[in-house]
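Okay, so here's the structure we're looking at.
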Amino acid sequence: MNSLRKITSFRSSNTLLVFIALIIIFSLFTPNRIFINVRNISALGKLFPDLGIIALGVGMLMICGEFDLSVGSILPFCSFVFAQLLFVGMSPLVSFLLSIVVGLALGFVNGFITVKTKMPSFITTLGTLWFWRGVLYVWSKMMPVSIRTYVPNNTPFQFAMAGNITPYFPIQVLWFGIFAVALGIILHYHRFGNWVYATGDNRDAARAMGIKTDLVKIICFMVVGALCGFSACMQAVRLGSFAATQGVGFEFRAISACVVGGVSLRGGIGSMIGIVLGAITIPIIDNGLILMRVPVFAISAFIGLATILFVLLNTYIERKMR
Amino acid sequence: MTMETSQNDDMVKMIDIHKWFGRVYAVRGVDFNLKRGETLGLLGDNGAGKSTLIKILSGYHVADKGEIFFDGKKVTIRSPRDARKLGIETVYQEQALAPNLSISRNIFMGREPVKGLGLLDKKLMDEESMQALRDMGLRLRSPDLPVVTLSGGERQGVAIARAIHFKAKCVILDEPTVALSVKEVNEVLEFIRQIKREGISSIFISHNLYHVYEIAERFVVMARGRKMTDVKKEDVTLDDLSELVIKSALVE
Chain A
4 MNSLRKITSF RSSNTLLVFI ALIIIFSLFT PNRIFINVRN ISALGKLFPD
54 LGIIALGVGM LMICGEFDLS VGSILPFCSF VFAQLLFVGM SPLVSFLLSI
104 VVGLALGFVN GFITVKTKMP SFITTLGTLW FWRGVLYVWS KMMPVSIRTY
154 VPNNTPFQFA MAGNITPYFP IQVLWFGIFA VALGIILHYH RFGNWVYATG
204 DNRDAARAMG IKTDLVKIIC FMVVGALCGF SACMQAVRLG SFAATQGVGF
254 EFRAISACVV GGVSLRGGIG SMIGIVLGAI TIPIIDNGLI LMRVPVFAIS
304 AFIGLATILF VLLNTYIERK MR
Chain B
34 MTMETSQNDD MVKMIDIHKW FGRVYAVRGV DFNLKRGETL GLLGDNGAGK
84 STLIKILSGY HVADKGEIFF DGKKVTIRSP RDARKLGIET VYQEQALAPN
134 LSISRNIFMG REPVKGLGLL DKKLMDEESM QALRDMGLRL RSPDLPVVTL
184 SGGERQGVAI ARAIHFKAKC VILDEPTVAL SVKEVNEVLE FIRQIKREGI
234 SSIFISHNLY HVYEIAERFV VMARGRKMTD VKKEDVTLDD LSELVIKSAL
284 VE
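Residue numbers (our numbering), protein chains in the order written: chain A, 4 to 325; chain B, 34 to 285.
What follows is the structure, encoded as structure tokens:
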């Protein structure tokens, strides 16, 4: 009981309540209760991990006290690298691994610039967001390319990236779960997690206690980069193609997911359970509203509202706690 | 008290320390020493250079010129990490603890005991933190409480317990009594006495002469980046000391 309480700290239990409320509301009010239809849930499970996996890393980075706005460019960049490597004849697995390496490298660049210049990462990654997008647009000439012939259906690699384990259980959900558990263990039960929290909560204290805060930050940026690389390949295989506009807007959706999940914008506060709930809540809002026939363009208004309301709620509870 | 007068009487010896920040000459050739087991009061007005001097010792700043000897050996301290490795612990106002982390996670911050694969030994962390706090007479409900929920005095207690637990040789207390209630100040002064009882050298930096005078055995007064006075407690009254601080600030 005690450990359960610790895991679902005050903040994430809000998210859990809202999460359950949303599910009930959408289940009741979508036409023909289509929201809880197994096909809908399955489709949701196929789609949400694209953003969800990235949000897990972004959450850890935010706990560490930094932002990454460049994920919306790193993702299509890695996707393009993946496609190009397939074209030059590399196997899907090697291309996939190299794309993750590229993600790691781009994450390293973000982290390195941020800690060396001591600029807010909001600015440095805003810079890399535009920069890599520009490079990508020029390099790819913005032409969508099909990779279907290089990663045919029913091959082991295609299955591992975009298959169904059972007819209604997409493998993407499994990947999301694996990353969530792994990062959750690191964040809450590993010494590195303690360094992440300490760095985000009070960088000077962490430094005085001998934690290499710059290195911790760079590693967190690299985790985000690697997850972008992974997600990029997963998405490309599912779609069977690369498109330069993949991942546009992911940066803010990932931050929204984390904020909804109770991660503090100032760093030092947040939990993996909260981030997971946030990463599922945002696509559920999307999905439920679409099913309720809310015009697509109005949906971002709801996500905006949700983000602000959650921050208000969390600040209120935080103040009561003190 | 009978003092062993060996050559190695000093825990810390800083010789001719200089530090510039751009065009500001913050520390202007200061010699400073701290004896084994001694509690030293470091006094001076804002901008006197005492904080800078101490941050050179704790690795936050690197001196532009000067030598540091620690425990009889010449050392170079380039980062807080270097300082901590030597056994120099800092108990700074805002720099000591991470407010949203739990007590035990704060005590073991950067030195977490692990079971293998880097996984935290939470049980050990909790038990030892509570023991360390009990040793100082601090009884807190749970090692899982975030530090932000503690009182100011308790927070200083956690930071000091950490220093004692990790067998620091020299503890730097930077304004540990600032913004505390009278009751909390007494608590903190009691914690500092505990440091002394453990035989650990400490440097107590404060604006409040009354707090320092109660505890320290020797006083160093700084002004304008220079050491103005170095006096033992038995040679000075509180009034003298207060006058010395004021006069030092007005010189030049």
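C-beta: ideal position from N, C-alpha, C; glycine also.
Contact check, residue i vs residue j, beta carbons under 8 Å
i: residue 61 of chain A; j: residue 227 of chain A; result: yes
i: residue 263 of chain B; j: residue 253 of chain B; result: yes
i: residue 114 of chain A; j: residue 37 of chain A; result: no
i: residue 258 of chain B; j: residue 59 of chain B; result: yes
i: residue 185 of chain A; j: residue 110 of chain A; result: no
i: residue 151 of chain B; j: residue 83 of chain A; result: no
i: residue 192 of chain B; j: residue 81 of chain B; result: no
i: residue 92 of chain B; j: residue 115 of chain B; result: yes
Under the three-state DSSP convention, the category residue i falls into
i: residue 91 of chain A; result: coil
i: residue 35 of chain A; result: helix
i: residue 261 of chain A; result: helix
i: residue 129 of chain B; result: coil
i: residue 191 of chain B; result: helix
i: residue 148 of chain B; result: coil
i: residue 242 of chain B; result: helix
i: residue 67 of chain A; result: coil
i: residue 75 of chain B; result: strand
i: residue 291 of chain B; result: Beyond the ends of chain B as shown, which are 34 and 285, falls residue 291 of chain B; an answer cannot be given.
i: residue 191 of chain A; result: helix
i: residue 272 of chain A; result: coil
i: residue 255 of chain B; result: strand
i: residue 162 of chain B; result: helix
i: residue 17 of chain B; result: Residue 17 of chain B lies beyond the residue range present for chain B, which begins at 34 and ends at 285; the question has no answer from this structure.
i: residue 55 of chain B; result: coil
i: residue 214 of chain B; result: coil
i: residue 124 of chain A; result: helix
i: residue 234 of chain B; result: strand
i: residue 66 of chain B; result: strand
i: residue 135 of chain B; result: strand
Proximity test, residue i beta-carbon vs the ligand GTP heavy atom, cut-off 7 Å
i: residue 233 of chain B; result: The ligand GTP is not part of this structure, which contains no ligands at all.
Minimum Cβ-Cβ distance from residue i to chain A less than 8 Å
i: residue 123 of chain B; result: yes
i: residue 113 of chain B; result: yes
i: residue 143 of chain B; result: yes
i: residue 209 of chain B; result: no
i: residue 149 of chain B; result: no
i: residue 278 of chain B; result: no
i: residue 241 of chain B; result: no
i: residue 176 of chain B; result: no
i: residue 166 of chain B; result: no
i: residue 134 of chain B; result: yes
i: residue 119 of chain B; result: no
i: residue 152 of chain B; result: yes
i: residue 130 of chain B; result: yes
i: residue 138 of chain B; result: yes
Classification of residue i by the beta-carbon crowding that lies within 10 angstroms, buried from 16 upward
i: residue 198 of chain A; result: buried
i: residue 169 of chain A; result: exposed
i: residue 137 of chain B; result: buried
i: residue 83 of chain B; result: buried
i: residue 124 of chain A; result: buried
i: residue 56 of chain A; result: buried
i: residue 273 of chain A; result: buried
i: residue 111 of chain B; result: exposed
i: residue 174 of chain A; result: buried
i: residue 160 of chain B; result: exposed
i: residue 135 of chain A; result: buried
i: residue 24 of chain A; result: exposed
i: residue 218 of chain A; result: exposed
Interface flag, residue i vs chain B, CB-CB below 8 Å
i: residue 195 of chain A; result: yes
i: residue 217 of chain A; result: no
i: residue 185 of chain A; result: no
i: residue 272 of chain A; result: yes
i: residue 205 of chain A; result: yes
i: residue 46 of chain A; result: no
i: residue 319 of chain A; result: no
i: residue 214 of chain A; result: yes
i: residue 10 of chain A; result: Any reading at residue 10 of chain A is ruled out, since the residue's pLDDT is 45, under 50, leaving its predicted position unreliable.
i: residue 201 of chain A; result: yes
i: residue 192 of chain A; result: yes
C-beta neighbour in chain E for residue i, strict 8 Å
i: residue 210 of chain A; result: No chain E is present in this structure, whose protein chains are A and B.
Within 8 Å of chain A by C-beta, residues of the stretch 62-86 of chain B in sequence order: Within the stretch 62-86 of chain B, no residue has a Cβ that lies closer than 8 Å to any Cβ of chain A.
Contacting positions in the stretch 215-239 of chain B - beta carbon closer than 8 Å to chain A: Hits within the stretch: zero.
Residues from the stretch 184-211 of chain B in contact with chain A, defined by Cβ distance under 8 Å: Close to chain A, meaning a Cβ-Cβ distance shorter than 8 Å, is no residue of the stretch 184-211 of chain B at all.
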